[in-house]
Every structure is written in C-alpha cells, then in structure tokens.
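Enquirer: Just so you know, this note's numbering puts 83 at position 83 of the sequence shown, and the rest follows in order with no gaps. Just passing along the structure, written as structure tokens.
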Amino acid sequence: MDVLWEGLGEYSEDILRCIRCGFCNSVCPTSNASFSYMASKTSRGRLVMLQSILRKSSTINPLDREFRRLIDLCFGCRRCLEVCPAGVRIPQLMWRVRSLGGGGGRLRLMLKHYGAIEKTASRIHRLSNLILGSRLGRRILQTLAGIDSRAPFPRFSPPLESMIKQSPGQGRPLAYFIDIFTNYHESGLGLRVAGFLERLGYSVYAPVQREAGTPLLEEGLLEEAKQVARFNVSSLLREVERGARILTSSPAAYLALKRDYPELLGDEDSRVVAENTVDVLEIIREEVDGGRIRFREGRGRLIYHSSCFSKATGMSGLIIGLLESAGYSVEVREECCGIAGMWGMMREHYEEALDVGSRLFSKIRGADVPVVSQSETCRLQISHHAGVRTLHPFEALLGRIQSR
Ligand code: SF4
Ligand code: SF4
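Laid out in structure tokens, this is it:
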C-alpha cells in the first residue's frame, strides 16, 4: 500500500527482508505474554502483516485503528534486535508505522510538551506530590494523559539541574546529560552520582539540555524527536569541543546519545557526541581497573534485574562484573517487568504490563536480598508490583567502595 511505501522510506526494505523465522518472538516480552494468543499479536505476526500490505496481498489499512492497536503491542524494548538474522530494525520500524497518519490525541499533545510539564511540576514538587498523591489527582491524570490511576507514578523531587553547577570547575570535566527521571524525580540519586565523581577528581556540571526524547520516538513523533535530538547534540558537542566527556546515569539517556540520535540525525556531530558519552558505571569500571578505587572486603547477595535497555546498550555484563568485583553473589533475572518507559503506565496497557511482568514479580516477591536495576521505570514498576525496594546498581556499589 502506497501510504506504507511513502511513509516508511528505507524502512520498507526492512519489512521485505523479514524471512518469517520467528526468532524475534522467542525474546519478545509481549509476544510471550498470555494476551498474545493470536499470531497477529506477536512480533513475527506484525512483520507478516506489514509484508502482505506492502505486497498488496492484504487489504488491511495501516491507518486502521485495530491494526494500530496491534502495532502498539511493540513497546520498543529492542530485545529482538540482537536475534533477528535479517537485521530487521523492528522497534524503529514500529515507530515509523505509528507516525503514519499523524493525528493528535491527548497523549501526543502532552508528549510534545512533556519536558516543560515535568520541569514545572518539579519546581512545585510539594504541590505536585500532594495532588498526585490523591485519588482525585490520579483520576485527573488518567483523564488528561491516559496514565492509569492504578499505575505507579514517581514522586517529584526538586530539579537536579538547579542543584549542580552549570559550567565546569576544577577537575576532569563531565557534562551531565540528566534526562527527565533523574532530573525531576530522583534528584537525590543524581546528586550522589555527582558528589561521588567530584570526590574522584571530576568536575560534574549540567550544560544546557532538553529531555532525551525517548517517549517521542516510541509514540512515532519523529519530527519532534529530531528537534530534541538536534538541540541536545548541538549543546553537548560544544562541551565535547571544550574537552568534556558526556556523563549519563540513565540507560535511556545513554541509548539516546549512543544509538538513537546518530540513527535519527545521521550526521557527524551526533557521532562525535556518541563517542564521547560515558555512563557513571563505566567510569567506576575505569577507576577500579586503574586501581584508583577499591571495594571493601565482604560478601553479600543481591538480585540483578537486567532491564531491556541495559541489554540493548550491552551494559548488563559490565554491571554484573562490577557487582561481583564488589563482593556480591549475583542472581540475574532476565524477565521483563512490563513497564517499558510509559507504555505500562497507560490505561490501555496497564493490565498487559502486569501480564508481561508477572513472571518476574513471582520470582522476586518477598526477596530477602536487595534488588538492583539500572532502569528508572523498571525500579518503579518492580518496587510497586513485587513490593521490594529496588536500587540503581550505583547505589549498591557505593556502599562497597573504600573511601580514600
Ligand atoms: S527475527 Fe527478523 S526475520 Fe525473523 S521473523 Fe522476526 S523480524 Fe522476521
Ligand atoms: S522491540 Fe521489544 S516489544 Fe518490540 S518486537 Fe522487539 S522484542 Fe517485541
């Protein structure tokens, strides 16, 4: 169908490359959930449908609501990218299918402004938390933004960007690309990251930046995602040219800089920023390997939840290695928690997210050891549905690092 050929551009070729092997189904969290009892609800099924539309052997309209509901079952976790023998860029393809037909809708309208909305709510965090802590507040959020009133929603904290310096001081410069969650919901974690690195001789500062924009991509708001990417790349490139590395502590922020922006923009600037981006956990690895920090003697146990984005960035192996170096015996849980950023918070996906996450929750509910996950929304989902406090790996490591 022409709308697909025209709207997908080079991504149409990805659809035609699919050999229908079904390997993607074997790793896809939603394809393996109990609600995906029909082939059309699986990853392979979506590719088969798209192929048949392109080859005109199906009369399905890609703008049809039911079809779009099937496309929405891909929540962009990127697990399939590792296993597809044909190199089909499945999540990127789904974002583009979602972008077809444009359309407004309250969620899309809210997403276009979500950075500004979050910033404002964080500045008045006490009032925001009071409102969102009430049943009426959650009903309003559900009506306005489609976020299910039963879903976990993070409390607001004061903005991190207003608590750390805006330009480098003495020490090795690290320009902190913070992203929404750490900036406006977990500023305490961001402050601990910055404080720890400052003690190691780095100078951590927050240059001008916007949100990473991952929800824009996932909703198919590609033009808006490109605008955000251009803004961030242009600002961060200036910092790289001044000699800074770009610091992240969120896997979504890291993935945006390392993979999404270079793919979206396809330019040299985004590649330079990607090459100079480093996560706090990679810095800890460098410091341990260089003998500049050591872990205390001692043993402990913990459960490591390998989030989808930690897998996609290849960070899971590094995290497990670090935790073991710090003396932990690590039980690794690979199951998806189902939240996938905002996907599992939305009213139409709340029950599906619980279905996806149920295997993980049943394995760790009542755990008597700490649970760690690099992903901020996974920590939120796991704490809420499995009832166990879930930490960033940095927090588990920090308590084991010998002070100098
Ligand atoms: S793994 Fe790749 S080739 Fe196989 S069905 Fe999925 S998209 Fe098609
Ligand atoms: S990105 Fe995740 S949800 Fe989407 S098809 Fe791939 S494995 Fe499934």
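Even for Gly, the Cβ is constructed at its ideal location relative to N, Cα and C. Being a predicted model, the structure only gives us computed values, none of them experimental.
Hey, would you say Arg98 sits closer than 8 Å to Glu219, going by beta carbons?
Expert: Residue numbering aside, residue 98 sits at position 98 when the sequence shown is read from its first letter. Residue numbering aside, residue 219 sits at position 219 when the sequence shown is read from its first letter. Going by C-beta atoms, Arg98 is nearer than 8 Å to Glu219.
Enquirer: Out of Leu255, Lys258, Ser270, which has the shortest C-alpha to C-alpha gap to Phe407?
Expert: Shown here, the chain extends from 1 to 404; a query on residue 407 therefore has no answer.
Enquirer: According to the Cβ coordinates, are Leu174 and Arg245 closer than 8 Å?
Expert: Here the question's residue 174 lines up with position 174 in the sequence shown. Here the question's residue 245 lines up with position 245 in the sequence shown. Yes, the Cβ-Cβ distance between Leu174 and Arg245 is below 8 Å.
Enquirer: When the Cα atoms are used, what is the spatial distance from Glu263 to Leu222?
Expert: For the purposes of this step, residue 263 is identified with residue 263 of the sequence shown, where counting begins at 1. For the purposes of this step, residue 222 is identified with residue 222 of the sequence shown, where counting begins at 1. Between Glu263 and Leu222, the C-alpha separation is close to 12 Å.
Enquirer: So is the beta-carbon of Met94 under 7 Å away from any non-hydrogen atom of ligand 2?
Expert: Residue mapping note: residue 94 aligns to position 94 of the sequence shown, counting from 1. The answer is yes for Met94.
Enquirer: What are the boundary residues of the alpha helix (DSSP H) that includes Val193?
Expert: Counting from 1 along the sequence shown, the entry for residue 193 is found at position 193. Per DSSP, Val193 belongs to the alpha helix (DSSP H) from 187-199.
Enquirer: From Gly266, Arg139, Val193, pick the residue whose C-alpha is nearest to that of Leu160; which is it?
Expert: Walking along the sequence shown from the start, residue 160 turns up at place 160. Among Gly266, Arg139, Val193, the Cα nearest to that of Leu160 belongs to Val193.
Enquirer: Terminal residues of the continuous alpha helix (DSSP H) containing Arg172?
Expert: One-based indexing of the sequence shown puts residue 172 at position 172. Note, Arg172: premise wrong, no alpha helix (DSSP H); beta strand (DSSP E) at 172-176.
Enquirer: Are Ser329 and Arg301 close, meaning C-beta to C-beta below 8 Å?
Expert: One-based indexing of the sequence shown puts residue 329 at position 329. One-based indexing of the sequence shown puts residue 301 at position 301. Cβ atoms of Ser329 and Arg301: closer than 8 Å.
Enquirer: Do Glu6 and Glu186 have their CB atoms nearer than 8 Å?
Expert: Position 6 of the sequence shown, counted from the start, is the residue given in the question as residue 6. Position 186 of the sequence shown, counted from the start, is the residue given in the question as residue 186. For Glu6 and Glu186, no; Cβs fall outside 8 Å.
Enquirer: Go ahead and label Asp2 buried or exposed: buried means 16 or more other beta carbons lie within 10 angstroms of its beta carbon, across all protein chains shown.
Expert: The count along the sequence shown starts at 1 and reaches residue 2 at position 2. Label assigned to Asp2: exposed.
Enquirer: Measuring only from the beta carbon, is Cys74 closer than 7 Å to any heavy atom that is part of ligand 2?
Expert: Walking along the sequence shown from the start, residue 74 turns up at place 74. Indeed, a heavy atom of ligand 2 lies less than 7 Å from the Cβ.
Enquirer: Note down the Cα distance separating Leu257 from Arg379, rounded to an integer number of angstroms.
Expert: Against the sequence shown, residue 257 aligns to sequence position 257. Against the sequence shown, residue 379 aligns to sequence position 379. Rounded to the nearest angstrom, the two C-alpha atoms are 22 Å apart.
Enquirer: For the alpha helix (DSSP H) that contains Tyr205, what are its first and last residues?
Expert: Here residue 205 is taken as the residue at index 205 of the sequence shown, counted from 1. Looking at the DSSP string, Tyr205 is not in any alpha helix (DSSP H); the run it does join, the beta strand (DSSP E), is 202-205.
Enquirer: Since I believe Gln374 is in contact with His392 (beta carbons under 8 Å), could you give me their beta-carbon distance rounded to a whole number of angstroms?
Expert: Here the question's residue 392 lines up with position 392 in the sequence shown. Here the question's residue 374 lines up with position 374 in the sequence shown. With a Cβ gap of about 7 Å, His392 and Gln374 count as contacting.
Enquirer: Just mark Gln402 as buried or exposed, buried being the case when its beta carbon has 16 or more other beta carbons within 10 Å.
Expert: For the purposes of this step, residue 402 is identified with residue 402 of the sequence shown, where counting begins at 1. Exposed, by the Cβ-count rule.
Enquirer: Check whether the segment 289-299 and the segment 346-359 touch, using three or more Cβ-Cβ pairs below 8 Å as the test.
Expert: no
Enquirer: Measuring straight from C-alpha to C-alpha, what distance separates Val372 and Ser134?
Expert: The residue labelled residue 372 in the question sits at position 372 within the sequence shown. The residue labelled residue 134 in the question sits at position 134 within the sequence shown. Each residue's Cα considered, the two are about 29 Å apart.
Enquirer: Curious, which full-length beta strand (DSSP E) runs of at least 3 residues does the segment 247-284 contain?
Expert: 277-279
Enquirer: Under three-state DSSP, which class holds Ile124?
Expert: On the sequence shown, residue 124 is found 124 positions in, with the first residue counted as 1. Coil at Ile124, not helix or strand.
Enquirer: Can you round the beta-carbon distance between Cys28 and Ser40 to whole angstroms, since I take them to be within the 8 Å contact cut?
Expert: As a working note, residue 28 is residue 28 in the sequence shown. As a working note, residue 40 is residue 40 in the sequence shown. About 14 Å; that fails the 8 Å criterion.
Enquirer: I'd like the span of the beta strand (DSSP E) that includes Val332, first residue to last.
Expert: Here residue 332 refers to the residue found at position 332 of the sequence shown. 328-333 is the span of the beta strand (DSSP E), which, as asked, contains Val332.
Enquirer: For the alpha helix (DSSP H) containing Arg235, list its first residue and its last residue.
Expert: On the sequence shown, position 235 is the one that residue 235 refers to. According to the sequence provided, residue 235 is Ser. The question's Arg does not apply to it. Looking at the DSSP string, the run of the alpha helix (DSSP H) that includes Ser235 is 222-241.
Enquirer: Under the criterion of a Cβ to heavy atom distance below 7 Å, does Thr30 qualify as lining ligand 2?
Expert: One-based indexing of the sequence shown puts residue 30 at position 30. Correct: Thr30 has its Cβ closer than 7 Å to ligand 2.
Enquirer: So His305 is in the beta strand (DSSP E); what residue range does that whole segment cover?
Expert: Within the sequence shown, numbered from 1, the residue matching residue 305 stands at position 305. Element bounds for His305: 300-305.
Enquirer: Rounded to a whole number of angstroms, what is the C-alpha to C-alpha distance between Asn183 and Ile147?
Expert: Along the sequence shown, read from residue 1 onward, the residue named residue 183 stands at position 183. Along the sequence shown, read from residue 1 onward, the residue named residue 147 stands at position 147. Answer to the nearest angstrom: the Cα atoms are 20 Å apart.
Enquirer: Considering only C-alpha positions, which residue in the set Trp343, Cys337, Arg299, Val278 is nearest to Met315?
Expert: Your numbering for residue 315 matches position 315 in the sequence shown. Nearest option by C-alpha distance: Val278.
Enquirer: Taking 7 Å as the cut-off, is the beta-carbon of Ser34 closer than that to any non-hydrogen atom of ligand 2?
Expert: The count along the sequence shown starts at 1 and reaches residue 34 at position 34. Ser34: no, Cβ never under 7 Å from ligand 2.
Enquirer: Are the Cβ atoms of Phe309 and Ala252 separated by less than 8 Å?
Expert: Taking the sequence shown and counting its residues from 1, one reaches residue 309 at position 309. Taking the sequence shown and counting its residues from 1, one reaches residue 252 at position 252. Yes.
Enquirer: Determine the DSSP secondary structure at Val97, reduced to helix, strand or coil.
Expert: Indexing the sequence shown from 1 puts residue 97 at position 97. Looking at Val97 - three-state DSSP - the assignment turns out to be helix.
Enquirer: When we look at the beta-carbon of Ser306 and count the other beta-carbons within 10 Å, is it buried (16 or more) or exposed?
Expert: Within the sequence shown, numbered from 1, the residue matching residue 306 stands at position 306. It counts as buried.
Enquirer: Within 10 angstroms of its Cβ, does Tyr205 collect 16 or more other Cβ (buried), or is it exposed?
Expert: Here residue 205 corresponds to residue number 205 of the sequence shown, with the count starting at 1. By the 10 Å Cβ count, Tyr205 comes out buried.
Enquirer: Which stretch, first to last residue, makes up the alpha helix (DSSP H) that contains Val48?
Expert: Counting from one through the sequence shown, the residue named residue 48 turns up at place 48. Taken as a continuous stretch (DSSP letters only), the alpha helix (DSSP H) holding Val48 covers 43-54.
Enquirer: Using the rule of at least 16 other Cβ atoms within 10 Å of the residue's Cβ for burial, across every protein chain shown, is Glu239 buried or exposed?
Expert: The count along the sequence shown starts at 1 and reaches residue 239 at position 239. By the 10 Å Cβ count, Glu239 comes out buried.
Enquirer: Quick one, are the C-beta atoms of Gly338 and Arg400 less than 8 Å apart?
Expert: Locating residue 338 in the sequence shown gives position 338, counting from the first residue. Locating residue 400 in the sequence shown gives position 400, counting from the first residue. Taking 8 Å as the Cβ cut-off, Gly338 and Arg400 do not qualify as a contacting pair.
Enquirer: Ligand 1 and Phe23: does the residue's C-beta get closer than 7 Å to at least one heavy atom of that ligand?
Expert: As a working note, residue 23 is residue 23 in the sequence shown. Yes - ligand 1 has a heavy atom lying nearer than 7 Å to the Cβ of Phe23.
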